[in-house]
Amino acid sequence: MPPSLLEVERTIAKLKGHKAPGVCRIIPEMLKYGGEGTARWLHHVISVAWDSGEAPSDWKKALLVPVLKKGDTTKLDNYRGISLLSIAGKVYALLLQTRLEKWAETILSETQSGFRAGRGCTDAIFCLKLLYERALRKQKPVYTCFIDLSKAYDSADRQLAWQILRSRGAPTKVVDLIQDLHEGTTCAMQADHRHPDSWFDVATGFKQGDVNAPLLFNIYIDTVVRAFEPLVRHLGITWQYKLDGNLRECKNPTASNMSWIFMYADDIALVAETQEALQEALAIIDRVFIQWGMHINIRKTQILCLQSGTQTGDSSEQFWLRGQPLEQVQMFKYLGSICSADMSMQPEIASRLSRAGGAYHKLSRLKVWKDKNISLKI
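When the letters of the sequence shown are read in order and numbered with the working numbering, they come out as residues 58 to 435.
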């Protein structure tokens with residue numbers, strides 16, 4: 058069912074201000090403060106695109122702006138490309154996202170915490186560290202592989218993605234419209250505010266900067282994980298826990314669960330209780346990823362062996378992938394939180410104190426603490 062005028066107005070109201078425009082040069086404020094006439098115009102454009110199944114060509118164009126992440130300014134690998142898309146097209150994409158999200162929540166695995174309502178980084182961090190704490194208490198080692206996927210969003214097969222959506226029961230009309238938004242997509246580099254030229258076609262991956270990209274990737278990788286889950290799930294870690302005491306005629310009720318993977322979008326943590334199990338799981342997962350057009354970045358994939366009492370992960374143990382050794386580390390920053398092989402909280406505390414101190418000094422240089430006009434209310 059096409060969106061109503063009220064739905065379009067509410068979606069416009071959700072747009073964040075002070076965002077750079079796409080090729081159509083429309084900024085969010087033009088839509089947010091353009092009044093009823095602007096909303097009616099956009100509703101008409103969206104309705105035509107919805108009924109015809111063809112979005113305006115400007116909504117399929119992206120301006121790429123290079124932004125330095127850190128390090129040497131002469132190395133291309135130190136830059137990240139920011140995609141500037143049409144703001145009007147973003148409203149259209151948000152309307153599609155609303156319809157796709159409701160269905161996606163019914164099919165996504167519980168192991169996926171990324172870009173889902175009511176979930177976040179803290180959920181994935183909590184689950185992984187809770188497993189570590191339980192293993193430490195039971196004097197059990199835990200072998201964790203933090204998998205880095207090379208250009209995960211860019212390497213997804215679009216045609217395969219549409220097949221996945223349809224086969225898993227996504228709304229047909231929504232899939233058709235999202236597919237149309239990904240057909241005939243083009244990009245151009247823009248630097249120093251000059252007019253872009255030399256447009257080139259983009260035929261693979263999900264649109265960078267598109268509000269639907271994280272959700273589409275979640276569904277895509279969820280399908281990939283389900284493909285290798287039967288082959289590696291038994292290689293994970295089984296842990297038991299007590300149920301609540303409200304069950305009658307059940308003495309000391311317990312249950313068990315198998316933990317083998319934690320995901321936040323494309324950030325993947327694979328766990329096992331033995332070196333052999335993790336090595337076997339890695340080989341299987343790598344093979345399946347390649348079959349689905351995705352590749353593990355061996356250089357950035359790292360191993361953390363949880364040391365617990367007398368039963369510790371041997372730092373001399375070597376893990377391999379495609380004949381190449383994987384780096385084994387004593388600490389790994391997972392979603393912003395430091396995981397240590399000895400389960401010490403000191404590196405995490407030191408990191409947070411350092412970041413807090415850095416933020417404090419930045420504000421001090423801006424003389425924020427001496428500004429009497431700043432409200433004390435949040």
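Just so it is clear, CB atoms sit at the ideal spot from N, CA and C, and this is done for glycine as well.
query: Beta-carbon proximity list for Gly-266, same chain, < 8 angstroms, skipping 5 on both sides; result: Ala-119, Ile-139, Ser-140, Leu-141 and Leu-142
query: Met-87, enclosing alpha helix (DSSP H) - first and last residue; result: 85 to 89
query: Helix, strand or coil at Lys-424 [DSSP, three-state]; result: coil
query: Cβ distance (whole Å) where Thr-1 is taken to contact Leu-152 below 8 angstroms; result: No answer is possible for residue 1: the residues shown for the chain start at 58 and end at 435.
query: Whether Ile-406 touches Val-386 by CB criterion (9 angstroms); result: no
query: Asp-343, buried or exposed, once every other Cβ within 10 Å from all chains shown has been counted against 16; result: buried
query: Candidates Leu-288, Gly-94, Gln-247 and Phe-274: closest to Ile-235 by CA position; result: Phe-274
query: Neighbourhood of Ser-166 by C-beta distance below 6 angstroms, restricted to the same chain and skipping five residues each side; result: Asp-279
query: Presumed contact (8 angstroms Cβ cut-off) between Cys-184 and Phe-319, rounded CB distance; result: 6 angstroms
query: Gln-169 classed as buried or exposed, judged by whether at least 16 other C-beta atoms fall within 10 angstroms; result: buried
query: Backbone secondary structure at Ala-7 - three-state DSSP; result: Given a span of 58 to 435 for the chain in the structure shown, any question on residue 7 remains unanswerable.
query: Enclosing alpha helix (DSSP H) for Ile-355 [first to last residue]; result: It is not in any alpha helix (DSSP H) - Ile-355 carries neither H nor E in the DSSP assignment.
query: Reduced DSSP secondary structure (H/G/I, E/B, other) of Gln-236; result: helix
query: Identity of the residue in Leu-188, Leu-339, Lys-76 and Glu-286 nearest Gly-380 by Cα; result: Leu-339
query: Terminal residues of the beta strand (DSSP E) in which Lys-390 lies; result: 388 to 391
query: For Ser-394 and Ile-182, believed in contact at Cβ under 8 angstroms, the rounded distance; result: 5 angstroms
query: Status (buried if at least 16 other CB within 10 Å, exposed otherwise) for Val-425; result: exposed
query: Opening and closing residue of the alpha helix (DSSP H) in which Cys-178 lies; result: 178 to 194
query: Option in His-252, Asn-269 and Met-246 with minimal Cα separation from Asp-258; result: Met-246
query: Closest residue to Pro-78 among Leu-88, Lys-71 and Ala-70 (Cα-Cα distance); result: Leu-88
query: At least three beta-carbon pairs within less than 8 angstroms, the region 345 to 362 to the region 224 to 232; result: no
query: Beta-carbon spacing of Glu-66, Ala-96 below 9 angstroms; result: yes
query: Nearest to Gln-332 (by Cα), restricted to the options Leu-383, Tyr-417 and Arg-176; result: Leu-383
query: Straight-line Cα distance separating Cys-396 from Arg-194; result: 16 angstroms
query: Under the three-state DSSP convention, the category Pro-60 falls into; result: coil
query: Assigned exposure category for Gln-364 - 16 Cβ within 10 Å defines buried; result: buried
query: Alpha-carbon spacing of Arg-290 relative to Ala-213, whole angstroms; result: 24 angstroms
query: Cβ pair Cys-202, Ala-106 closer than 9 angstroms; result: no
query: Residue range of the unbroken alpha helix (DSSP H) whose run includes Leu-222; result: 215 to 224
query: Ala-322 vs Ile-294 beta-carbon contact at 9 angstroms; result: no
query: Cβ-based burial, Ala-70 [other Cβ within 10 Å; buried from 16]; result: exposed
query: Endpoints, the beta strand (DSSP E) within which His-138 is located; result: The residue asked about is misnamed: residue 138 is Gly in this sequence, not His. 136 to 141 is the extent of the beta strand (DSSP E) around Gly-138.
query: Top-ranked residue by Cα proximity to Leu-217, from Leu-206, Val-80, Arg-422 and His-239; result: His-239
query: Nearest residue (CA-CA) to Asp-399, options Ser-114, Lys-186 and Asp-115; result: Lys-186
query: The ligand MN heavy atom lying under 8 angstroms from the CB of Leu-151; result: For the ligand MN, the structure offers nothing, since it holds no ligand at all.
query: Continuous alpha helix (DSSP H) stretch holding Val-282: start and end; result: 270 to 289
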